[in-house]
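Peer 1:
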Amino acid sequence: MTGPEEDPAPSRPGRRHLLRAGGLGLGALGVGAAGAGLDRSLRDRAGSGTEAAQPDPAPHGEAVVPFHGAHQAGIETPAPASATLLALDLREDVDRDGVLRMLRLLTDDAARLTRGEPALADTEPELAAEPASLTVTAGFGPGLMARAERKAPDWLAPLPAFGIDELEERWCDGDLLLQVAAEDPLTVSHAARMLLKDARAFARLQWGQSGFRRSPGVVRPGSTLRNLFGQLDGTANPAPGSEHFAKVVWIDEGPFAGGTSMVVRRIRMDLDGWDEADRGAREAATGTRLDSGAPLSGGDETTPADFEKVSANGFPVIGEFSHMRRARGVDDGEHQEIYRRPYNYEHAPVPGSGLLSESGQVFVSFQADPVAQFLPIQRRLDELDLLNQWTTPIGSAVFAIPPGCAEGEFLGQAVLE
Amino acid sequence: MSQHSFLPSAARPSRRVALGAALLLPLAACTSGPSGDSVSDGGGAAASDGGGALSAEGLALVDPWVKAAEEGMTSAFGTLANDTGRDLQLIAASTPSAGMVELHETASDGSGGMSMQEKEGGFPVPDGGELVLAPGGDHLMLMDLPAPLQPGDEVELTLQCEDGTELTVTATVKDFAGAQEHYEPEGSAGSGASDAGGAHDGHDAHDGHAGHDADTDPEDGAE
Numbered sequence: 001m002t003g004p005e006e007d008p009a010p011s012r013p014g015r016r017h018l019l020r021a022g023g024l025g026l027g028a029l030g031v032g033a034a035g036a037g038l039d040r041s042l043r044d045r046a047g048s049g050t051e052a053a054q055p056d057p058a059p060h061g062e063a064v065v066p067f068h069g070a071h072q073a074g075i076e077t078p079a080p081a082s083a084t085l086l087a088l089d090l091r092e093d094v095d096r097d098g099v100l101r102m103l104r105l106l107t108d109d110a111a112r113l114t115r116g117e118p119a120l121a122d123t124e125p126e127l128a129a130e131p132a133s134l135t136v137t138a139g140f141g142p143g144l145m146a147r148a149e150r151k152a153p154d155w156l157a158p159l160p161a162f163g164i165d166e167l168e169e170r171w172c173d174g175d176l177l178l179q180v181a182a183e184d185p186l187t188v189s190h191a192a193r194m195l196l197k198d199a200r201a202f203a204r205l206q207w208g209q210s211g212f213r214r215s216p217g218v219v220r221p222g223s224t225l226r227n228l229f230g231q232l233d234g235t236a237n238p239a240p241g242s243e244h245f246a247k248v249v250w251i252d253e254g255p256f257a258g259g260t261s262m263v264v265r266r267i268r269m270d271l272d273g274w275d276e277a278d279r280g281a282r283e284a285a286t287g288t289r290l291d292s293g294a295p296l297s298g299g300d301e302t303t304p305a306d307f308e309k310v311s312a313n314g315f316p317v318i319g320e321f322s323h324m325r326r327a328r329g330v331d332d333g334e335h336q337e338i339y340r341r342p343y344n345y346e347h348a349p350v351p352g353s354g355l356l357s358e359s360g361q362v363f364v365s366f367q368a369d370p371v372a373q374f375l376p377i378q379r380r381l382d383e384l385d386l387l388n389q390w391t392t393p394i395g396s397a398v399f400a401i402p403p404g405c406a407e408g409e410f411l412g413q414a415v416l417e
Numbered sequence: 001m002s003q004h005s006f007l008p009s010a011a012r013p014s015r016r017v018a019l020g021a022a023l024l025l026p027l028a029a030c031t032s033g034p035s036g037d038s039v040s041d042g043g044g045a046a047a048s049d050g051g052g053a054l055s056a057e058g059l060a061l062v063d064p065w066v067k068a069a070e071e072g073m074t075s076a077f078g079t080l081a082n083d084t085g086r087d088l089q090l091i092a093a094s095t096p097s098a099g100m101v102e103l104h105e106t107a108s109d110g111s112g113g114m115s116m117q118e119k120e121g122g123f124p125v126p127d128g129g130e131l132v133l134a135p136g137g138d139h140l141m142l143m144d145l146p147a148p149l150q151p152g153d154e155v156e157l158t159l160q161c162e163d164g165t166e167l168t169v170t171a172t173v174k175d176f177a178g179a180q181e182h183y184e185p186e187g188s189a190g191s192g193a194s195d196a197g198g199a200h201d202g203h204d205a206h207d208g209h210a211g212h213d214a215d216t217d218p219e220d221g222a223e
């Protein structure tokens, strides 16, 4: 009998192919966000002569992001089109043993679903057939660490209150975070529900947030997301697959080595108010050109900003209060960096509100140390940022993301055992 | 989950590959297997009367699981795949997690519903074939549970075939809303039970279900 280990993926004749996922166990760093490019090359290599001329009628459905590896998938993985974030609160009677049993069940579900197989006892196995680059990423809140009788990282706590915040409890905190993301919302929906069913005996849903990015094949892989203001959002990100990314994101020592921290902020965006701002005012607020994303000091999206440049009138070209200058910032001679992986959200407005939409961003950032990296940025934005006129944080949560797990292990095993 | 052997990410599990994975499952439960390919259990061989030892090699219960239950009875499922080279008849099953195990089939009760009953003589599992044990169909009925079976628990199941072949596997306990076929044990005075009826009745861990369901569905994404 041929063991599965003798059947390496690239030689399989099937159309199922690997997308890289943050170099998980593949040693394939450096491919970066060009996931679809790799996807295509693998398919061409695998295709036989008869197949080669036929375009794949469903090129995204069977794409698999490896679940196991040194880091969890869903962080360095190119952000797919659709995501649902679930924050769960442990039931009062769940002890350390219960936490571990829950994580074993959820890990098994995630491992199966991400490779396009039904979960164990899946009542809709057909909905698991197209993994569509599905990733499931788990994060722990302070409550889970306490219940599992393990010390939480010092930084694992709610963010301090900011003056701009209008936080609603229903969008805040949580003991366990599950980020479920794929190139297809139906795949995300099924995976999220399956995970919730297996978590139900252990935890209640505290909040769920869904968001969207561009559909696969619409823009070049690796393109910066446009948010609902039309702004390119995330240009300053370190490149996935780079050493720079590893330095910014991955924790390098202690039980969480290979993990990271995740900040989730639900940011309401006042699109109806934004409509009142003309293009000049919008660009003054962001500090960038809306079309190219270039800094107002010139160049293209990736040109470093010249914060010293002044206009003929002697004013800084990139305004003192612009989002770009405030978000970048330098404290104590150090330029803090984070990796942004946000999703847009848009819902029907509350009837009678007069609004056209309830819109915003599920802001997600990963950084090795949120206190040292995220907080200084957020403090500057809180003090001054012209964009604050149109943005309001209404939810906030911080999670510790354990490293990835190997086959046969459960998520968080390195941290909790 | 240590009892599951995960396939490589890119592998589409053909039946044979899935079987290969499943064969790795019971290693923790039986030590006589020299490799991941064998699940032979010494007990099965010893039970046969001195003839050729009947190895369970080639026999696997793929994806075994048990419905969680607080008390009373529940049921176990999985796909029994027979690649032993001989026809088998599953005649009994046992587990330390239940006082008694019966082999059950589910049939129409004549009034539009389904009911289940003990399968006389057990289930045939022809060589190269498989027996699907699933909610709403044939299953193992675990009765007289000495302790609650909670989600994430592991249950050791031993299957016995007529020719002495024995297979022991580790099954995962899952929270499962279905598998509620009506069951009326013979001789009972009509107070029928359903499979694992205890799992959802009076189970404290399920407080909040009502609210939960309403809140579960994440908001609709924008279309």
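Those protein sequences? They're chains A and B, same order as listed.
Its first residue numbered 1, the first sequence is counted upward by one per residue in the numbering used here.
Its first residue numbered 1, the second sequence is counted upward by one per residue in the numbering used here.
Quick reminder that beta carbons are idealized off the backbone N, C-alpha and C, glycines included.
1) Does the Cβ-Cβ distance between Ser97 (chain B) and Leu140 (chain B) come in under 8 angstroms?
2) If we call anything under 8 angstroms between Cβ atoms a contact, is Val398 (chain A) one with Pro370 (chain A)?
3) Output, in sequence order along the chain, the residues in the region 157–175 of chain B whose CB is closer than 9 angstroms to any CB in chain A.
4) So Ala68 (chain B) contacts chain A; which residues on that side make the cut at Cβ distance below 9 angstroms?
5) In the DSSP assignment, the alpha helix (DSSP H) including His323 (chain A) goes from what residue to what residue?
6) Please tell me whether Gly129 (chain B) has its Cβ less than 8 angstroms away from any Cβ of chain A.
7) Is Pro151 (chain B) close to chain A? Criterion is C-beta to C-beta, closer than 8 angstroms.
8) Give the secondary structure of Ala119 (chain A) by DSSP, where H, G and I count as helix, E and B as strand, and everything else as coil.
9) Please list, in chain order, the residues of the region 191–223 of chain A that have any C-beta partner in chain B closer than 8 angstroms.
10) Which residue wins for smallest C-alpha separation from Ala79 (chain A), given the options A:Asp122, A:Met102, A:Leu134 and A:Ala157?
11) Determine the chain B residues that contact Leu105 (chain A) at a beta-carbon separation under 7 angstroms, and present them in chain order.
12) Use the C-beta contact count for Glu57 (chain B): other C-beta atoms within 10 angstroms, 16 or more gives buried, fewer gives exposed.
13) State whether the region 74–91 of chain B contacts the region 156–173 of chain B, with contact taken as three or more CB pairs (one from each stretch) at a distance under 8 angstroms.
14) Under 8 angstroms Cβ to Cβ from Phe310 (chain A), same chain only, skipping five residues before and after it: list those, please.
15) Taking its Cβ as the centre, do 16 or more other Cβ atoms sit within 10 Å of Asp93 (chain A), making it buried, or is it exposed?
16) Apply the 10 Å Cβ neighbour rule to Thr302 (chain A) and answer buried if 16 or more other Cβ atoms are within range, or exposed otherwise.
17) By DSSP, does Ser189 (chain A) sit in helix, in strand, or in coil?
18) Please classify Ile338 (chain A): does DSSP put it in a helix, a strand, or coil?
19) For my contact list, His323 (chain A) and Leu386 (chain A) are in at a C-beta cut-off of 8 angstroms; report their separation, rounded to the angstrom.
20) Check whether chain B comes within 8 angstroms of Arg341 (chain A), counting only Cβ atoms and requiring the distance to be less than that.
21) Applying the criterion that 16 or more other CB atoms from any shown protein chain within 10 Å of the CB defines a buried residue, is Pro146 (chain B) buried or exposed?
22) Report yes or no: is there a C-beta of chain B within less than 8 angstroms of the C-beta of Arg265 (chain A)?
23) Between the C-alpha atoms of Asp63 (chain B) and Val263 (chain A), what's the straight-line distance to the nearest angstrom?
24) Within 10 angstroms of the Cβ of Leu356 (chain A), are there 16 or more other Cβ atoms? Answer buried if so, exposed if not.
25) Spell out the partners DSSP gives Cys405 (chain A) in its beta bridges.
26) Consult DSSP for Asp108 (chain A) and reduce its assignment to one of helix, strand or coil.
27) Taking the alpha carbon of Glu166 (chain A) as the point to measure from, which residue in A:Pro57, A:Pro240 and A:Trp390 has its own alpha carbon closest?
28) Measure the C-alpha to C-alpha separation of Val188 (chain A) and Ala201 (chain A) and round it to an integer number of angstroms.
29) Exposed or buried, what is Lys151 (chain A) when buried is set at 16 or more other beta-carbons lying within 10 Å of its beta-carbon?
30) Given Leu156 (chain A), which residues of its chain have a CB within under 8 angstroms of its CB, disregarding the five upstream and five downstream residues?
31) If we define contact as Cβ-Cβ less than 8 angstroms, is Gly178 (chain B) a contact residue for chain A?
32) Which full runs of the beta strand (DSSP E) of 3+ residues lie inside the region 102–140 of chain B, going along the chain?
33) Could you work out which residue in A:Arg328, A:Gln179, A:Gly217 and A:Asn237 is closest to Gln209 (chain A) when comparing CA atoms only?
34) Looking at the structure shown, is Gln180 (chain B) part of a helix, part of a strand, or coil, going by DSSP?
35) Look at the alpha carbon of Phe418 (chain A) and the alpha carbon of Arg279 (chain A), and state the distance between them as a whole number of angstroms.
Peer 2: In short:
1) no
2) yes
3) Thr172, Val173, Lys174 and Asp175
4) Ala201
5) His323 to Arg328
6) no
7) yes
8) coil
9) Ala192, Arg193, Leu196, Lys197, Asp198, Arg200, Ala201, Phe202, Arg204, Leu205, Gly208, Gln209, Ser210, Gly211 and Phe212
10) A:Leu134
11) Pro151 and Gly152
12) buried
13) yes
14) With the sequence shown as reference, residue 310 (chain A) is identified as Val, and Phe is not the correct amino acid for it. So the list reads Pro316 and Val317, once near-sequence residues are dropped.
15) exposed
16) exposed
17) helix
18) coil
19) 7 angstroms
20) no
21) exposed
22) no
23) 36 angstroms
24) exposed
25) The partner list for Cys405 (chain A) (beta bridge, DSSP) is empty, contrary to what the question assumes.
26) helix
27) A:Trp390
28) 21 angstroms
29) exposed
30) Phe140, Gly141, Pro142, Met145, Ser261, Val398, Phe399 and Ala400
31) yes
32) 114–118, 123–125 and 130–133
33) A:Gln179
34) coil
35) Residue 418 (chain A) cannot be examined here, being either before or after the span of chain A that is shown, 1 to 417.
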